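Novice: The sequence shown begins at 229 in this note's numbering and counts up by one.
Can you keep this structure in mind? I'll have questions shortly.
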Amino acid sequence: MKITVDIPGHKYNIHLQRGILKDVHKFVDLNRKVLIVTDDEIPEQYVDALQKQCPDSYLATVHAGEQSKCFIYLQFIWNALLDNGFGRKDLLIALGGGVVGDLTSFAAATYMRGVDYVNIPTSTLAQIDSSIGGKGAINLGDVKNIVGAFHQPRAVFIDPDVLTTLDDRNYYNGLAEAVKAGMIGDAELFQLFEQLPADRAAIQSDYIEKIIEKALLVKKNVVEQDERETGLRQILNFGHTIGHAIESAGELAGMLHGEAIAAGMVQVTEDPAVKERLIAVLQKLNLPTSHDYPAEQLKDIIAHDKKAGGGRITLIKVPEIGRAERVKLPLDAIEKYL
Ligand SMILES: NC(=O)c1ccc[n+]([C@@H]2O[C@H](COP(=O)([O-])OP(=O)(O)OC[C@H]3O[C@@H](n4cnc5c(N)ncnc54)[C@H](O)[C@@H]3O)[C@@H](O)[C@H]2O)c1
Ligand SMILES: [Zn+2]
């Protein structure tokens with residue numbers, strides 16, 4: 229199936245279909261120089277499937293993991309482009325999870341002031357969330373996503389079959405973003421999670437396409453109305469204010485992004501009935517529903533993150549499943565949610 233994202237001046241298609249990895253050439257002109265950016269834990273068979281379709285391809289492989297969203301690897305990609313004579317009409321392809329996607333998007337946004345890139349997300353998190361919306365970034369030290377750009381992909385290809393090689397922890401981690409999408413904008417998607425069995429194989433064979441499609445539609449609708457996150461797009465940050473703090477508090481040994489926002493969503497949910505349903509779904513998906521970090525530590529991290537916000541933060545609340553609200557609060561008011 230095809231979903232069109234219609235951002236003014238940047239219209240592009242998301243192709244969601246099992247096996248689509250072999251058919252990218254049918255939709256994108258690959259008869260030019262193509263730099264495939266991937267990481268060293270992405271199975272080779274996916275890289276091969278893509279390389280076969282590109283007569284003039286180059287490979288830039290980064291180490292797997294969040295540490296690769298850094299200036300050194302950004303420069304590595306720029307150098308690969310420059311050394312191989314890439315010009316304005318050539319193409320980058322991100323083949324990997326959110327790390328590879330964010331890095332490639334930013335490299336493409338900046339090389340020659342902007343060249344085309346295509347996203348082929350291979351993790352659940354990237355297929356459900358990070359591959360659309362055009363946010364690319366690197367981290368500076370332990371400050372996440374602090375340098376980046378908005379640069380929309382030319383197209384996105386989502387092949388749910390590639391998820392079979394992902395480990396369990398990463399598989400469920402990405403589903404947290406789809407639970408979030410249900411919470412903020414699609415009660416039916418949330419109900420789908422309530423109905424599905426607690427069994428990865430069954431989710432993968434019978435439910436995953438529906439989950440990805442519905443989650444992407446929520447994000448598409450929001451991003452189309454507010455590409456640059458000046459207002460409505462903030463609702464995508466449900467669970468993220470506290471989630472990001474939990475993620476940072478644990479540093480590299482702590483929770484993954486989806487795990488941290490799972491706990492973050494529970495923390496900010498006030499209605500007892502909504503909270504109970506949310507916890508039941510997260511438990512079914514092997515996702516955490518709480519954290520062990522001291523409130524004081526999380527508050528410090530949030531205060532540090534929000535320095536630029538003039539002492540106020542925007543908290544996203546979900547008073548009923550499927551509907552989000554934005555509430556501006558003084559920083560101190562966050563305490564009761566930690
Ligand atoms: N741009 C956005 O809008 C946005 C949104 C959410 C998250 N993010 C970013 O995304 C990143 C996290 O993404 P992630 O969870 O995909 O992490 P990741 O890219 O680190 O991938 C997780 C692990 O899974 C492996 N992997 C990926 N696909 C695989 C496959 N098919 N088979 C086997 N192994 C596979 C990777 O090699 C890696 O080791 C974070 O940096 C976060 O900031 C960006
Ligand atoms: Zn997220």
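In this text, a Cβ means the ideal position worked out from N, Cα and C, and glycines have one as well.
These numbers were taken from a predicted model, which means no experiment stands behind them.
Is it the case that the CB of Leu513 approaches a heavy atom of ligand 1 more closely than 7 angstroms?
Specialist: Flag unset: Cβ of Leu513 not near ligand 1.
Novice: Let me make sure I understand the geometry here. Which of Glu269, Leu543 and Asp234 has the alpha-carbon closest to that of Gln462?
Specialist: Considering only alpha carbons, the answer is Leu543.
Novice: Buried or exposed for Leu201, please, with buried defined as at least 16 other CB atoms from any protein chain shown within 10 angstroms of its CB.
Specialist: As displayed, the chain neither begins before 229 nor continues past 566, which places residue 201 out of reach and without an answer.
Novice: Between the Cα of Gln495 and the Cα atoms of Ala292, Gly471, Val509 and Gly482, which residue gives the shortest distance?
Specialist: The option with the nearest alpha carbon to Gln495 is Gly471.
Novice: In chain order, what residues of the same chain lie with their CB nearer than 8 angstroms to the CB of Glu422, ignoring the 5 residues before and after it?
Specialist: Correct list, in chain order: Arg505, Ala508 and Val509.
Novice: Starting from Arg551, follow the alpha helix (DSSP H) in both directions and report where the run begins and ends.
Specialist: Where Arg551 is concerned, there is no enclosing alpha helix (DSSP H), although the beta strand (DSSP E) it sits in stretches over Arg551 to Pro558.
Novice: Check whether the Cβ atoms of Leu302 and Ile235 sit closer than 8 angstroms, and answer yes or no.
Specialist: Not closer than 8 angstroms, so no.
Novice: From Thr517 to Ile231, what distance separates their C-alpha atoms?
Specialist: Distance between the alpha carbons of Thr517 and Ile231 is about 32 angstroms.
Novice: What separation, rounded to the nearest whole angstrom, lies between the Cα atoms of Lys239 and Val451?
Specialist: Roughly 12 angstroms between the two C-alpha positions.
Novice: Is the CB-CB distance between Gly376 and Phe334 below 8 angstroms?
Specialist: In contact: Gly376 and Phe334 (Cβ atoms closer than 8 angstroms).
Novice: According to DSSP, is Asn259 helix, strand or coil?
Specialist: Note: Asn259 maps to coil in three-state DSSP.
Novice: Let me check one thing: in DSSP terms, what residues is His243 bridge-paired to?
Specialist: Per DSSP, Lys230 and Phe385.
Novice: So is Asp276 buried or exposed if we call it buried at 16+ other beta carbons inside 10 Å?
Specialist: Exposed, by the Cβ-count rule.
Novice: When the Cα atoms are used, what is the spatial distance from Leu353 to Val371?
Specialist: Going by the C-alpha atoms only, they are around 20 angstroms apart.
Novice: Output the boundary residues of the alpha helix (DSSP H) element that contains Gly216.
Specialist: For the chain, the structure presents residues 229 to 566; residue 216 sits outside this window and is missing.
Novice: Here's the rule: buried if 16 or more other CB atoms are within 10 angstroms of the residue's CB, otherwise exposed. What is Phe299?
Specialist: Answer is exposed; the Cβ neighbour count stays below 16.
Novice: If you follow the alpha helix (DSSP H) that Asp370 is in, where does it begin and where does it stop?
Specialist: From DSSP, Asp370 is part of no alpha helix (DSSP H); its letter is neither H nor E.
Novice: Below 7 angstroms CB to CB, which residues in the same chain sit around Asp389 once its five sequence neighbours on both sides are set aside?
Specialist: Excluding residues within five positions, the ones whose Cβ falls inside 7 angstroms are Arg246 and Gly247.
Novice: Report yes if the C-beta distance between Tyr474 and Leu515 is below 8 angstroms; otherwise report no.
Specialist: According to the sequence as given, residue 474 is Ile; it is not Tyr. Cβ atoms of Ile474 and Leu515: not closer than 8 angstroms.
Novice: Look at the alpha carbon of Leu320 and the alpha carbon of Glu272, and state the distance between them as a whole number of angstroms.
Specialist: Using only the alpha carbons, I get a separation of about 18 angstroms.
Novice: Less than 8 angstroms between C-beta atoms, sequence neighbours within five positions excluded: which residues of the same chain meet that for Ile356?
Specialist: Once the five neighbours on either side are set aside, the close Cβ partners of Ile356 are Gly402, Leu403, Glu405, Ala406, Ala409, Ile439, Ile440, Ala443 and Leu444.
Novice: If you count every other CB in all the chains shown that lies within 10 Å of the CB of Ala536, and 16 or more means buried, which is it?
Specialist: Only weak support is given to the placement of Ala536: the predicted model assigns it a pLDDT of 48, under 50, and the value that follows is read from those uncertain coordinates. Exposed is the call here.
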